[in-house]
Amino acid sequence: FRSETHWWLTDSTPPTITLTVPTAVVTGMITLTLTTADEGEYRVTRFTLDDLPLPVTSLITVDTAVLPDGEHTVVVEAEDDSRQHNRAQARAVFRSDNHPPSLSVRFDPPVATQGHVQTIYVTVDEPTSVLTATLSGRPLVLARGRDNYWAVVGFDAAATPGPAMLAVRAQDVVGNATLITATQVMTSFAFPIENVIGESVDIPPDRAYLLDPALGAAETAYLDRVFAPVTPDPLWQGVFAMPVQGRQTSPFAIRRSYNGGPLGSYHGGMDIAVDAGTTVLAANRGRVVLAEPLKVRGNAVIIDHGMGVYSCYYHLSEIRVQKGQMVEKGQVVGLAGSTGLSTGPHLHWELRVTGKAVDPAQWIQRPIP
């Protein structure tokens, strides 16, 4: 038989203690649960939170708002009333977070300019469940970098200088949220004087119909829809490469008149004179989103490089890729020609960033971001 006296003399089994704490990150008030299972009597000799004593009850409420964010250790020790005073310990760890994320932003370059891109960097000090950014109310897609997040924004050559409001909101996994704002500044760019003076282009009679404003507007609207999606990951790697080698005949942002007419809009890319049939190479890695003949731009290829960055190859004599195809930097996408609104063999190379035509030269000089 087994009596209390026999248990008191012979028991060598420590009490069974179970300590239950939340497994997810917590905020505000939480409950810690202490349960035991023992044959005899026992007493709790230690019950602490981060080495500070807690009251000895089965249910304990803790206000984590008074604790620093991070991990917290709960320890309970008990001994039974046997002759051997068998002891047991239970230890549990929970994590609290009662403060919103800390955010900071940086612009590179600090001041944006017409016809160029700016990279916006966002740094946050803890994991987030929500991280969003808008520029003048327009959502930005943020990519994850090594120790921050970033987005690229393009400004065309005719952009109106002035400030814009950047708003960034972050929410951590327990719902603490932060909203910060910063002012982005964009100024005019001193384009070469020849860009301002402009150039005159004579279009042969058999192609003069391509100067119809309605035709050009319809094609521009069609391409705007191509440029609108922002693939949420960068597909390109390193600096961009020139798609052909040749003499630049019309620089980015020069103004043009056709057949003696008034100066029109800014040139959206750079024209490079090459022989007909010259191979045209992808400036960087990406996915082909357009490979078809257009009226004004002739045979065209457009590559999506992710993050709102697109490269365009116009007036080709042949297209050598298909829509949806992934291409690598330096891969042949077509042959140079003079299709569409063109006066001779050349490649019109254009870069679009968040829908805006930007100077391709910026992308071949250094990696972005």
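With positions in the sequence shown counted from 1, the corresponding number in the working numbering is that position plus 692. In this text, a Cβ means the ideal position worked out from N, Cα and C, and glycines have one as well. This one's a predicted model, so the numbers in the text were calculated from it and none came from an experiment.
The residues V809, Q810, T811, I812, M999, G1000, V1001, V1045, T1046, I1060 and P1061, in chain order, have a CB closer than 8 Å to that of V844 in the same chain once the five nearest residues on each side in sequence are set aside. Boundaries cannot be given for I946, as no alpha helix (DSSP H) includes it and DSSP labels it neither H nor E.
Listed in chain order, the non-local C-beta contacts of Y950 below 6 Å within the same chain comprise V893, I895 and L903, local neighbours out to five positions each way being set aside.
The Cβ atoms of A975 and A933 sit closer than 8 Å to each other. The beta carbon of Q863 lies closer than 7 Å to those of T820, S821, V822 and A869 in the same chain, with the five residues before and after it left out.
Under DSSP, D925 forms no beta bridge with any residue. The C-alpha of T805 is placed about 8 Å away from the C-alpha of P853. Sequence-distant partners of L955 (beyond 5 residues in either direction) whose C-beta falls short of 8 Å from its own C-beta, in its chain, are G890, R947, R948 and S949.
In this structure, the straight-line span from the alpha carbon of A913 to that of A920 is close to 11 Å.
Distance check between L986 and each of P760, D898, L1033 and T737 places L1033 closest, using alpha-carbon atoms only. A contact is defined here as three or more CB-CB pairs under 8 Å, and the region 706-713 meets this definition with respect to the region 780-789.
Put simply, of E733, P760, V768 and V1019 the residue whose alpha carbon is nearest the alpha carbon of P747 is V768. Note on geometry: alpha-carbon atoms of S1009 and D963 lie some 15 Å from one another.
The Cβ atoms of V988 and P924 do not sit closer than 8 Å to each other. Non-local C-beta neighbours of G938 in its own chain, meaning closer than 7 Å and more than five positions away in sequence, comprise I964, A965 and V966, ordered along the chain.
Pairing G990 with E1042 gives a Cβ-Cβ distance that is not under 8 Å. Rounded to whole angstroms, the separation of the alpha carbons of F799 and N840 is 13 Å. Judged by beta-carbon spacing, D772 lies beyond the 8 Å limit of V866, meaning their Cβ atoms are not closer than that value.
Under the three-state reduction of DSSP output, Q1057 falls in the helix class. Here V866 carries a coil assignment [DSSP, helix/strand/coil]. I752 has L724 as its beta-bridge partners, per DSSP.
Residues of the same chain with a CB within less than 6 Å of the CB of G846, apart from the 5 flanking positions on each side, are V809, V1045, T1046, K1048 and V1050 in chain order.
In this structure, P897 is the residue among A983, P897 and W1055 with its C-alpha nearest to the C-alpha of T1035.
Approximately 43 Å separates the beta-carbon atoms of L795 and I885; this is outside 8 Å, ruling out the contact. By the Cβ-count criterion, H777 is exposed, with fewer than 16 other Cβ atoms from all chains shown falling within 10 Å of its own Cβ. Comparing alpha-carbon positions, the option among T1031, K1021 and D742 lying closest to G930 turns out to be K1021. When DSSP states are grouped into helix, strand and coil, R1012 belongs to the coil group. In this structure, V972 places its C-beta atom within 8 Å of the C-beta atom of L1027. Its Cα nearest to that of T826, the residue V797 stands out among K1015, D817 and V797. According to the DSSP secondary-structure assignment, G978 is paired through a beta bridge with V1019. Per the C-alpha coordinates, the member of R830, A882 and T815 positioned closest to R836 is T815. Around the beta carbon of S774, 16 or more other beta carbons lie within 10 angstroms, which makes this residue buried. Going by beta carbons, I1011 and C1004 fall outside the 8 Å limit. A distance below 7 Å between beta-carbons, with the five flanking residues on each side excluded, links V918 to the following residues of its chain, in chain order: V981, L982 and I994. Between the alpha carbons of V736 and S750 lies a distance of about 11 Å.
According to DSSP, residue pairing for F847 in a beta bridge does not occur.
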